[in-house]
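Numbering (the working numbering), first residue to last: 228 to 514. Ideal placement from N, C-alpha and C gives every residue a C-beta, glycine not left out. The structure presented is a predicted model; accordingly, all values stated were derived computationally and were not measured. Below is one structure, written out as structure tokens, with a few remarks after it.
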Amino acid sequence: MNSQSNQRIAEALRTAAQQHSLERLEAQWLLLYILGRPAHDRTWLLTHDTDTLDAATLAAFTACCQRRANGEPLAYITGYKEFFGLNLHVDARVLDPRADTETLVDWGLAVMADWPRPRVLDLGTGSGAIALALAHTRPDAQVSAVDASGNALTVAQANADRLGLRVQWLRGDWLHAQHTHSYDLIVSNPPYIPSADPHLAALTHEPLNALASGVDGLDDIRQIIQQAPAHLQPGGWLLLEHGYDQAEAVHSLLVAQGFTAVQHRLDLAGITRCTGGQLSTAWATVK
Ligand code: GLN
């Protein structure tokens with residue numbers, strides 16, 4: 228039996244799974260991170276499973292496993308998250324971008340597929356994930372992004388600089404951040420969890436103001452839907468991510484605000500995760 232300070236890779240991974248209840252894949256990612264190897268290098272771990280880890284490496288790995296076992300997102304521990312093929316730096320200043328949000332990006336790209344030089348706004352950008360994914364895929368788009376948190380904008384701006392992408396970052400409260408612009412497309416993954424939802428207890432490492440939104444979770448979505456028409460071109464689209472059980476409510480709010488062609492998109496788990504609508508081309512004249 229190896230001592231605490233001297234374990235082989237296979238053993239260290241087994242211990243992580245048993246003592247910290249970590250999934251094997253996550254334990255592998257954490258160990259690769261500690262060893263300074265890329266996350267896709269899992270075959271390296273398998274072919275080196277009898278290599279011995281020195282005490283310092285093992286201690287660093289164990290510390291990471293403990294943080295993960297405490298519910299901290301993997302992305303905060305490693306400091307990055309892959310989103311829509313982009314390597315984003317993330318930390319506790321921003322929401323950990325979810326793969327499900329790629330649904331919103333796919334939808335936004337489809338909506339603007341035939342528009343040259345579309346003007347796009349991402350509300351509540353956090354790490355910049357959505358705005359940067361859109362700017363990367365559509366270099367001709369003029370992408371702006373808003374966040375109320377200056378800390379989040381610092382993270383987003385650094386991601387843009389590192390990736391060499393151009394986005395206009397604006398600080399403010401939803402559409403109060405700017406007054407003059409009119410967009411072809413507004414996208415948002417706002418906070419949408421009800422403030423008393425027990426699910427929040429598992430998300431304590433992430434900024435609460437990026438997650439929770441009033442008693443029914445719809446406070447911010449209501450504001451965005453109400454403010455959006457004044458900032459959309461006639462015929463422009465508003466696409467929103469929302470909670471697993473909010474599609475009907477968001478649908479009704481959009482219809483009540485005069486949006487047409489209201490429709491939904493499913494996330495990777497098949498849950499109705501996004502709802503959006505088009506501002507009627509006649510909106511400018513009927514308002
Ligand atoms: N989808 C995230 C979750 O339920 C929440 C993201 C958000 O509120 N925008 O964990």
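Pull the bridge partners of residue i from the DSSP assignment, please.
i, result
"Gly503", "Leu466 and Gln490"
"Trp396", "Ala372"
"His316", "Tyr307"
"Thr279", "Arg235"
"Ile413", "Leu348 and Leu465"
"Leu459", "Tyr410"
Suppose you measure from the CA of residue i to the CA of residue j; what does that come to, to the nearest Å?
i, j, result
"Ala237", "Pro300", "24 Å"
"Tyr471", "Leu280", "43 Å"
"Gln369", "Ala423", "38 Å"
"Arg264", "Gln460", "47 Å"
"Arg251", "Gln505", "44 Å"
"Gly391", "Gln490", "34 Å"
"Leu272", "Asn297", "25 Å"
"Ala383", "Glu329", "17 Å"
"Asp341", "Val414", "17 Å"
"Gln255", "Gln450", "42 Å"
"Leu322", "His403", "22 Å"
"Ala266", "Leu427", "28 Å"
"Asn386", "Pro324", "13 Å"
"Ser440", "Ile448", "8 Å"
"Thr431", "Pro345", "37 Å"
"Gln483", "His458", "Contrary to the premise, residue 483 reads as Ala rather than Gln in this sequence. Cα to Cα, Ala483 sits roughly 17 Å from His458."
"Leu257", "Thr242", "13 Å"
"Asp388", "Leu361", "15 Å"
"Arg295", "Leu249", "8 Å"
"His478", "Gly503", "8 Å"
"Ala496", "Leu359", "24 Å"
"Ala244", "Leu262", "18 Å"
"Leu438", "Ala429", "12 Å"
"Asp494", "Thr274", "36 Å"
"Thr305", "Ala282", "20 Å"
"Asp278", "Phe310", "32 Å"
"Leu560", "Asp318", "Absent from the structure is residue 560, since the part of the chain shown begins at 228 and ends at 514."
"Val347", "Thr289", "43 Å"
"Thr270", "Asn233", "22 Å"
"Thr512", "Val373", "Because Thr512 sits at a pLDDT of 44, beneath the cut-off of 50, its placement in the model cannot be relied upon, and the following sentence gives the value as read from the coordinates. Taking the straight line joining both Cα atoms gives about 28 Å."
"Ile498", "Pro425", "19 Å"
Going by alpha carbons, who is nearest to residue i out of the options?
i, options, result
"Gln473", "Ile357, Cys501 and Leu280", "Cys501"
"Val442", "Leu402, Asp281, Ile452 and Pro418", "Pro418"
"Arg320", "Ala283, Asn436 and Ser415", "Asn436"
"Leu465", "Met339, Arg294 and Asp276", "Met339"
"Ala375", "Arg393, Gly355, Asp494 and Leu359", "Gly355"
"His247", "Phe310, Ala282 and Cys291", "Cys291"
"Arg365", "Thr381, Arg393 and Leu350", "Arg393"
"Leu331", "Leu412, Leu430, Ser507 and Gly444", "Leu412"
"Trp401", "Pro434, Ala358 and Ala455", "Ala455"
"His363", "Phe486, Gly335 and Leu380", "Gly335"
"Thr508", "Thr289, Leu495, Phe486 and Leu493", "Phe486"
"Glu468", "Arg492, Phe311, Val373 and Tyr260", "Arg492"
"Gly312", "Asp333, Tyr303 and Asp318", "Asp333"
"Glu253", "Gln293, Asp349 and Gln395", "Gln293"
"Gln395", "His408, Ser371, Leu240 and Pro434", "Ser371"
Under the assumption that residue i contacts residue j (Cβ atoms under 8 Å), give the Cβ distance between them as a whole number of angstroms.
i, j, result
"Gly351", "Tyr410", "About 15 Å separates the two Cβ atoms, so there is no contact after all."
"Ile420", "Gly444", "5 Å"
"Arg235", "Asp268", "Contact doesn't hold; Cβ gap of about 17 Å is too wide."
"Ile357", "Asn314", "With a Cβ gap of about 15 Å, Ile357 and Asn314 do not count as contacting."
"Ala326", "Gly353", "Ala326 to Gly353, Cβ: 15 Å. No contact."
"His316", "Tyr307", "5 Å"
Should residue i be listed as close to the ligand HEM, given that the test is whether its C-beta is under 7 Å from any heavy atom?
i, result
"Ile420", "Because the ligand HEM does not appear in the structure shown, any question about it cannot be addressed here, the ligands present being the ligand GLN."
> Fully enclosed by the region 421-449, which alpha helix (DSSP H) runs are 4 residues long or longer?
Replying inline: none
>> Going residue by residue through the region 331-371, where are the continuous alpha helix (DSSP H) segments of at least 4 residues, counting only ones entirely within it?
In response: 356-364
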